[in-house]
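Participant: In this note's numbering, the protein residues as written are 109 to 353. Beta carbons: idealized from backbone N, C-alpha and C, even for Gly.
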Ligand SMILES: [Zn+2]
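(1) Do residue 244 and residue 222 count as a contact pair if the criterion is CB distance below 9 Å?
(2) Are residue 196 and residue 346 close, meaning C-beta to C-beta below 9 Å?
(3) Here's the rule I'm using: 16 or more other beta-carbon atoms within 10 Å means buried, otherwise exposed. How should residue 247 be labelled?
(4) Which two residues bound the contiguous beta strand (DSSP E) that contains residue 209?
(5) I need the straight-line Cα distance from residue 204 to residue 129, nearest angstrom please.
(6) By the 10 Å Cβ neighbour count, where 16 or more other Cβ atoms means buried, how is residue 314 classified, buried or exposed?
(7) Taking only runs of the beta strand (DSSP E) that begin and end inside the segment 241-322, which ones reach a length of at least 3 residues, in chain order?
(8) Just to confirm before moving on: does the CB-CB distance between residue 295 and residue 276 stay below 9 Å?
(9) Are residue 208 and residue 323 close, meaning C-beta to C-beta below 9 Å?
(10) I'd like to confirm the pairing. Which residues does DSSP put opposite residue 201 in its beta bridges?
(11) Under 8 Å from any heavy atom of ligand 1, does the C-beta of residue 281 make it?
(12) According to DSSP, simplified to helix, strand and coil, what is residue 353?
(13) Taking its Cβ as the centre, do 16 or more other Cβ atoms sit within 10 Å of residue 273, making it buried, or is it exposed?
(14) Kindly list the residues whose CB is nearer than 6 Å to the CB of residue 328, restricted to its own chain and excluding five residues on each side of it in sequence; keep chain order.
(15) Are the beta-carbon atoms belonging to residue 116 and residue 161 less than 9 Å from one another?
Structure below.
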């Protein structure tokens, strides 16, 4: 009897001479670990960002949640031909998921679908990578149960213009409710639209403003998941090495 486990590789750690331990976001939801035998023999031809089906014999499906296998099919491999900008922004989403979604807690299919869509978008896009990640964060927050209302103030319910994203309040505060609003209305509009066709609009914002928005969104998610608010290593890497137009 064989069981097929489909998932996205979040982390690939070499283990011993020929094996590796993989943290995998499974299609059925939740993060699992897979002990992969014979990695070197097969050339180790995939890594983080690959979508894989592992064939796991039932007797090797251990109670501790670590599945052992050496049989697999690679369905997709989102390595973007080594494009540093795309790889680092891909890893921002992975790093955030590993931080806020506990191992072996089970979960929902939506997270797998969300991450796969994000990878597909990065693969075909020549546009602004910030936007892709912003949208990912907004949808991750929604998946986690902390949906960000982009239209009205969480305090008074007025329509938002220039505003402030308050993680403590769980959303945006309007100009009347917060004295130092620093989030432009145009950014709310872009996030509400959520369509991929916004490259020209993204050029309105400076690199500094894009970094600021990204860090606020990351902090919002970390705060609501009870994690220490800190910058993602992958995002620092993205800012250091990616080309900004
Ligand atoms: Zn208000």
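Facilitator: Inspection of the coordinates gives the following:
(1) yes
(2) yes
(3) buried
(4) Residue 209: not part of any beta strand (DSSP E); DSSP gives it neither H nor E.
(5) 19 Å
(6) exposed
(7) Entirely contained in the segment 241-322, the beta strand (DSSP E) runs reaching 3 residues are, in chain order, 272-274 and 279-281.
(8) no
(9) Cβ distance not < 9 Å, so residue 208 and residue 323 don't count as in contact.
(10) According to DSSP, residue 201 bridges with nothing at all.
(11) yes
(12) Because residue 353 carries a pLDDT of 48, less than 50, the predicted location of this residue cannot be relied on, and the following value inherits that uncertainty. Correct three-state label for residue 353: coil.
(13) buried
(14) Only 275 meet the Cβ criterion.
(15) Contact: no.
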